[in-house]
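Everything below concerns the one structure shown next.
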Amino acid sequence: MLAVFTFLPVMMILLALNIYHGQDMIQHTTLAASENMIDKSEHLSNYMQRYMEPYYKAVIDGQIWEEIKDVSMEVKSNSNRIFSLLEGYSTPTNNEVALMFLMRKDGSGYLVIRLPASQQTIVTQNNKLLYEDLIQLGNKGMESQELVTAKLEYHNKVCLGLSQKIYNYKTKECYGSLVMLMYPETIESILESSEGGYTSYILQTAGGSLFADNKSLELIDNLKVDKTHQDEVKWTNWHLAYAVDTEKIKKDIRVSTFAAFSIVLLLFLLTIVLVNIFIRRRMKTLSLLEGAMSRIRKRGEYTSLPSADNGELNSLFAGYNKMVDQIVLQKKKIQEQNDEKLKGLKKQKDAEIKALELEINSHFIYNTLNSINYTAIEHEDYETSDLLKVFANVLRYMTENRYELVTVSQEIAWLEQYLFLQRSRFNGRFDFEIDVNPEIEDKKIRKLLLQPFVENAIIHGFDSRSKGGLITVICSKEEDSGLMIIIADNGNGIEEDLLRKIREGIALENNPENLGLGMANTCYRMRLYYGEAFAFYIESTGGRGTTVMLKLPAL
């Protein structure tokens with residue numbers, strides 16, 4: 263249907279162009295014919311002037327008429343003399359005058375034939391060669407005051423006959439007429455049309471049409487031509503006219519239009535065939551993509567596509583293959599993440615079970631510590647009693663609801679008791695400072711988040727010194743409303759190789775047990791809990807201490 267709606271406008275345009283072209287061609291041909299008619303008329307005038315001047319000289323030549331007036335045609339010397347006089351007026355170039363015939367009033371005459379001398383003949387009443395036609399044309403010439411034109415056949419060739427009345431211009435006495443018969447080749451060439459056969463040039467007299475260029479110079483009877491389409495030929499009483507064959511123009515335009523229609527239709531059909539072939543090939547290629555997508559939809563099967571022979575389709579297939587590769591990679595990554603989460607959940611569950619077991623046993627420990635505390639008080643050992651109380655609080659905080667969320671203030675309060683015990687344990691080897699922004703005291707964090715980092719500083723940072731150690735804990739608020747916790751020490755620092763392993767292990771989320779460090783385990787758990795919102799940074803210089811920075815989302 264689309265092809266039909268595409269083809270019809272093309273046909274309508276061709277039809278409109280055909281109508282316009284036909285009208286334009288008729289107008290152009292008419293204008294060219296009018297201009298050519300004037301040129302041809304002038305050419306004919308010049309041509310006729312060249313031959314009519316000696317003709318008129320012969321007509322008014324008194325010597326000829328004095329010779330023929332009373333001369334007897336039976337005397338051969340008289341006829342030879344007249345023959346020589348007439349021949350002097352019948353020698354134009356190219357031998358275009360066939361003959362000249364001098365006719366007296368009594369019907370006798372003299373004929374000069376443009377043939378070899380052996381064939382020249384004097385025409386008399388007893389010789390019937392051309393006699394009747396020439397006498398008839400001569401009589402018409404004597405009866406008319408103007409040039410009489412007729413068409414005669416001579417030696418199987420159509421010739422133009424001209425007849426003029428002969429008289430004594432002084433006495434006005436009529437002696438007869440002079441007839442000249444001309445070959446038609448020059449006139450035929452002048453009348454020849456140059457407008458592709460659409461124009462006829464017609465030579466006319468008052469009595470009707472004489473010749474037409476495309477009628478083999480046959481007589482055209484009763485041809486009516488508009489006077490606005492004709493021009494006078496000087497030296498004659500002729501008119502040159504033209505007629506444009508508009509029907510032939512229209513017919514040729516119809517033929518050319520039909521040919522154009524046929525070509526357009528053929529090209530249209532060929533285009534449809536080629537487009538169908540092109541579409542079939544493309545659809546066959548696209549069916550590969552459709553099949554691959556169908557397998558994904560039905561079976562979840564991801565398959566790559568081969569390269570296509572078309573640039574656009576090849577780009578499409580390449581994009582599809584890239585998408586499939588990314589989906590497969592993403593699925594693999596998601597599966598790995600799910601596996602890691604399952605491992606983390608399993609570890610958390612195991613830890614919760616262990617914590618539950620520890621909680622069951624903790625009641626016995628708390629009761630035992632209380633008994634020891636009472637004994638210390640009875641012996642007035644109040645320092646030991648204080649240590650036992652702090653230890654009991656620290657132990658209770660660690661064993662009860664180990665994986666719950668606590669406020670920053672709760673975690674810091676417990677951390678102070680933990681550092682107090684550790685400082686007593688190591689005989690004052692280090693001191694500690696804690697600075698907390700009041701705005702974040704009520705923010706929630708994971709329980710025991712800071713303990714592994716502080717313990718790492720105590721055990722590994724101060725193992726080679728007996729005093730002077732310092733642990734600094736700073737809890738502040740970030741610009742994005744997150745939390746920043748800094749744990750810094752002035753201890754031994756971490757060697758470069760171990761520091762790199764710590765960073766790589768945490769970044770790659772490897773099993774933290776491979777590092778043997780509690781802080782790696784903590785980072786692992788925090789990343790499982792907080793996701794990408796958790797960030798861990800560690801800086802250390804040998805002999806100058808270590809700084810750990812933890813960035814957490816505010817909960």
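Numbering-wise (the working numbering), the sequence shown opens with residue 263 and increments by one.
The C-beta atom is built at its ideal place from N, Cα and C for all residues, glycine as well.
Closest Cα partner of residue i within the set the options
i, options, result
"Glu886", "Lys513, Tyr659 and Leu683", "Absent from the structure is residue 886, since the part of the chain shown begins at 263 and ends at 817."
"Ser728", "Ser686, Gly767 and Ala412", "Ser686"
"Leu414", "Pro446, Gln426 and Glu435", "Pro446"
"Gly369", "Asp395, Glu358, Lys609 and Leu409", "Asp395"
"Asn699", "Phe724, Val668, Ile627 and Met746", "Met746"
"Asp693", "Leu361, Glu297, Val517 and Gly753", "Gly753"
"Ile428", "Lys367, Cys421, Val420 and Tyr437", "Tyr437"
"Phe798", "Gly805, Thr808, Gly807 and Leu814", "Leu814"
"Leu399", "Leu631, Leu790, Ile634 and Leu443", "Leu443"
"Ile756", "Asp704, Glu801 and Ser524", "Glu801"
"Lys705", "Glu695, Thr669 and Leu578", "Thr669"
"Phe730", "Gly690, Ile464 and Ser738", "Residue 730 is actually Gly in this sequence, not Phe. When each option's Cα is compared against that of Gly730, the closest is Gly690."
"Tyr792", "Arg708, Glu766 and Val810", "Arg708"
"Lys510", "Leu502, Thr461, Ala522 and Ile452", "Thr461"
"Leu712", "Ala654, Ser439, Ile748 and Asp648", "Ile748"
"Ile702", "Thr734, Lys560, Glu740 and Leu732", "Glu740"
Residue i - containing alpha helix (DSSP H), residue span
i, result
"Asp693", "Per DSSP, Asp693 belongs to no alpha helix (DSSP H); it is in the beta strand (DSSP E), Phe692 to Val698."
"Asp395", "Tyr393 to Glu405"
"Thr646", "Tyr644 to Thr661"
"Leu681", "Val670 to Arg687"
"Thr448", "Glu447 to Leu453"
"Phe715", "Gln713 to Asn718"
Endpoints, the beta strand (DSSP E) within which residue i is located
i, result
"Tyr799", "Ala797 to Thr803"
"Ile733", "Gly731 to Lys739"
"Ile707", "Lys706 to Arg708"
Residue burial classification, residue i (beta-carbon count within 10 angstroms, cutoff 16)
i, result
"Pro714", "buried"
"Phe520", "exposed"
"Leu422", "buried"
"Arg543", "exposed"
"Leu817", "exposed"
"Phe540", "exposed"
"Asp751", "buried"
"Gly778", "Interpretation of Gly778 is limited by its pLDDT of 43, a score under 50 that renders its predicted location unreliable; the figure taken from the coordinates is listed afterwards. Answer is exposed; the Cβ neighbour count stays below 16."
"Glu673", "buried"
"Lys593", "exposed"
"His641", "exposed"
"Leu527", "exposed"
"Val410", "buried"
"Ile589", "exposed"
"Ile639", "exposed"
"Met299", "buried"
"Met365", "buried"
"Ile596", "exposed"
"Leu812", "buried"
"Ser307", "buried"
Paired residues, beta bridge with residue i - DSSP
i, result
"Ser439", "Met365 and Lys427"
"Ile525", "DSSP, once it has assigned bridges, lists no residue as partnering Ile525."
"Val420", "Glu415"
"Ala750", "Thr734 and Thr809"
"Met444", "Val359 and Leu422"
"Thr461", "Val506"
"Val590", "In the DSSP output, where bridge partners are listed per residue, Val590 has none listed."
"Leu745", "Lys739 and Leu814"
"Leu667", "Arg708"
Residue-chain proximity (residue i, chain E), Cβ-Cβ < 9 Å
i, result
"Ser743", "Of the protein chains in the structure, only one exists, and it is not chain E."
Practice task
Could you say if the region 715-735 and the region 785-799 meet the contact criterion of at least three C-beta pairs nearer than 8 Å?
Solution key: no
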